[in-house]
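Engineer: If you scroll down you'll find the structure; I have some questions about it.
2 protein chains.
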Amino acid sequence: MIRNKTTEYALTILGFMASRNEDMYSAEYLHKQLNIPRRYLRRLLTDLSKHGFLKSTSGRNGGFVFAKDLEEINLALVINTLEGYETLCTCILGFSCCIVDKPCIMHDTWMEARSKMFEVLSNTTLADLKEKYQMDLIKKL
Amino acid sequence: MIRNKTTEYALTILGFMASRNEDMYSAEYLHKQLNIPRRYLRRLLTDLSKHGFLKSTSGRNGGFVFAKDLEEINLALVINTLEGYETLCTCILGFSCCIVDKPCIMHDTWMEARSKMFEVLSNTTLADLKEKYQMDLIKKL
DNA sequence: AATAAATACTACAAAAAGGTAGTAATATAT
DNA sequence: ATATATTACTACCTTTTTGTAGTATTTATT
């Protein structure tokens, strides 16, 4: 759950794309806007495409667009997709000592903490972020 | 906020120590109980001592004990001590693009999610975990 | 005093994450 | 057709995190 920079980058990219109104975003453009290392950014963009968040178009005038509606992409989904999600037999936040039928001493606390965070993140979609951004723009006028 | 194994180990160790009633815990004993790599565990234990959570006693029959009351150690404190805490000018969960007076699009969402999690973690002390453990033991009888 | 059981320190090795380089493939504009 | 602007793929390099090894130091037991 935001353990690495890759996830941070991904959210930054998606949040940026969601809040603007371009029809196409090239890697180069995103690089200049967001200051994420060129090559790394590209790899991440193809990754996000493979995961179904974006659609890519090759060739001149190519770039990336969303592959689904902004309402369908919530922040928790992005994080879980990129960081993996082994809910099976461990505490999600990392307690490998902790198995479902023999929960460790921290289990309940973690689960409570985690689920409160998860609630907020899964209830926020890219559409919400876009709306917020537009509202902020209006307020500034 | 639980970005690495080291923090996980630390919480496992402290949680374990808090829940049992030994007067002294040697690195070797903890290693056998918790399956944390011997040498790494040792280094971590000295680290936890340097940070004031534990007190170490060298020599035969030496080991580690808590340096403060269990009530004084909450989970958020442990996590922040081990992972560093640059609240100054960035979103705590990682948005380096986001500065205080020019918050990024995700800022509010993050802060809300984060603070809900933080609330639970900072309200849980090692004393609470100990109590929970004892209660669980009683229930099993 | 010698031994054994412990921690402390320093340096190194391995694995994972983050980042870079080169080249191929694709598609548009001219 | 050719040049140009773009994504895609593969391999490599760097940094950080995790884990190991060797040796020194401390202290209770005998």
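Just so you know, the sequences run in chain order R and C. Sequential numbering of the first sequence, starting at 1, is according to this note's numbering. Sequential numbering of the second sequence, starting at 1, is according to this note's numbering. Here a beta-carbon is modelled for each residue, glycine too, at the ideal position from N, C-alpha and C. All figures in this text were calculated on a predicted structure; none of them were measured in a lab.
For THR125/C, would you say it is in contact with chain R, using Cβ-to-Cβ distances shorter than 8 Å as the test?
Structural biologist: Numbered from 1 along the second sequence, position 125 holds the residue referred to as residue 125/C. Not closer than 8 Å to any Cβ of chain R, the Cβ of THR125/C fails to qualify, so no.
Engineer: According to DSSP, simplified to helix, strand and coil, what is ASP56/R?
Structural biologist: Mapped onto the first sequence, residue 56/R falls at position 56. It should be noted that the sequence gives Ser, not Asp, for residue 56/R. In this structure, SER56/R counts as strand in the three-state DSSP scheme.
Engineer: Cutting at 6 Å between CB atoms, please list the residues of its own chain near PHE118/R, excluding the five before and the five after it.
Structural biologist: Taking the first residue of the first sequence as position 1, residue 118/R is located at position 118. Only ALA76 meet the Cβ criterion.
Engineer: Considering GLY63/C, what are the terminal residues of the beta strand (DSSP E) in which it resides?
Structural biologist: Numbered from 1 along the second sequence, position 63 holds the residue referred to as residue 63/C. Start and end: 63-66.
Engineer: Are the CB atoms of LEU141/C and GLY15/C within a distance shorter than 8 Å?
Structural biologist: The residue labelled residue 15/C in the question sits at position 15 within the second sequence. The residue labelled residue 141/C in the question sits at position 141 within the second sequence. Contact flag unset, no.
Engineer: Quick one: is THR124/C buried, meaning 16 or more other Cβ sit within 10 Å of its Cβ, or exposed?
Structural biologist: The count along the second sequence starts at 1 and reaches residue 124/C at position 124. Counting Cβ neighbours within 10 Å, THR124/C comes out buried, since at least 16 surround it.
Engineer: For PHE64/C, which residues of its own chain have a beta-carbon under 6 Å away from its beta-carbon, when the five flanking residues on both sides are left out?
Structural biologist: Sequence index remark: in the second sequence, residue 64/C carries index 64 (1-based). For PHE64/C, where only same-chain residues beyond five positions count, the Cβ hits under 6 Å are TYR25, LEU45, LEU54 and SER56.
Engineer: Comparing C-alpha positions only, which one of ARG60/C, ALA18/C and ARG42/C sits nearest to GLU72/C?
Structural biologist: Mapped onto the second sequence, residue 72/C falls at position 72. Nearest option by C-alpha distance: ALA18/C.
Engineer: Just to make sure I have the definition right: I need the residues of chain C whose C-beta is within less than 8 Å of the C-beta of VAL120/R. Which are they?
Structural biologist: Counting from 1 along the first sequence, the entry for residue 120/R is found at position 120. Going along chain C in sequence order, the residues near VAL120/R (Cβ under 8 Å) are THR109, GLU112, ALA113 and LYS116.
Engineer: Is LEU11/C near MET106/R, with beta carbons less than 8 Å apart?
Structural biologist: As a first step, residue 11/C must be located in the second sequence, where it is residue number 11. As a first step, residue 106/R must be located in the first sequence, where it is residue number 106. For LEU11/C and MET106/R, yes; Cβs fall inside 8 Å.
Engineer: Can you look up ASN74/R in the DSSP assignment and give me helix, strand or coil?
Structural biologist: By 1-based counting over the first sequence, the position of residue 74/R is 74. Of the three classes helix, strand and coil, the one that applies to ASN74/R here is strand, per DSSP.
Engineer: Residues of the segment 1-20 of chain C in Cβ contact with chain R at a cutoff of 9 Å, in chain order, please.
Structural biologist: For the segment 1-20 of chain C, which is checked against every Cβ of chain R, the residues closer than 9 Å are MET1, ILE2, ARG3, ASN4, LYS5, THR7, GLU8, LEU11, THR12, GLY15, PHE16, ALA18 and SER19.
Engineer: Quick one, which residues of the segment 29-51 of chain R are near chain C if we go by CB-CB under 9 Å, in chain order?
Structural biologist: Against chain C - using a Cβ distance shorter than 9 Å - the residues of the segment 29-51 of chain R are LEU34 and ASN35.
Engineer: Check whether chain C comes within 8 Å of ILE73/R, counting only Cβ atoms and requiring the distance to be less than that.
Structural biologist: Stepping through the first sequence from its first residue, residue 73/R is reached at position 73. It does not: the Cβ of ILE73/R has no partner Cβ on chain C nearer than 8 Å.
Engineer: So VAL78/C and ALA113/R are in contact, right, with Cβ under 8 Å, and what is the actual spacing, rounded?
Structural biologist: The residue labelled residue 78/C in the question sits at position 78 within the second sequence. The residue labelled residue 113/R in the question sits at position 113 within the first sequence. Incorrect: roughly 13 Å between the Cβ atoms, too far for contact.
Engineer: Under a CB-based cut-off of 8 Å, is LYS139/R close to chain C?
Structural biologist: Within the first sequence, the letter at position 139 stands for residue 139/R. Not one chain C Cβ lies under 8 Å of LYS139/R.
Engineer: Does the Cβ-Cβ distance between LYS5/C and LEU70/C come in under 8 Å?
Structural biologist: Taking the second sequence and counting its residues from 1, the one referred to as residue 5/C is at position 5. Taking the second sequence and counting its residues from 1, the one referred to as residue 70/C is at position 70. Against a cut-off of 8 Å, the Cβ pair of LEU70/C and LYS5/C comes out as no contact.
Engineer: With a CB to CB cut of under 8 Å and the five nearest residues on each side skipped, what residues in its chain are close to LEU41/R?
Structural biologist: Here residue 41/R corresponds to residue number 41 of the first sequence, with the count starting at 1. Around LEU41/R: TYR9, ILE13, ALA27, LEU30, HIS31 and LEU34.
Engineer: By Cβ distance, which residues of its chain are closer than 7 Å to LEU82/R, with the 5 residues on each side in sequence left out?
Structural biologist: In the first sequence, residue 82/R corresponds to position 82, counting from 1. Answer for LEU82/R: THR6, THR7 and ALA10, listed in chain order.
Engineer: Quick one: what does DSSP say THR46/C is sitting in, helix, strand or coil?
Structural biologist: Residue mapping note: residue 46/C aligns to position 46 of the second sequence, counting from 1. Looking at THR46/C - three-state DSSP - the assignment turns out to be helix.
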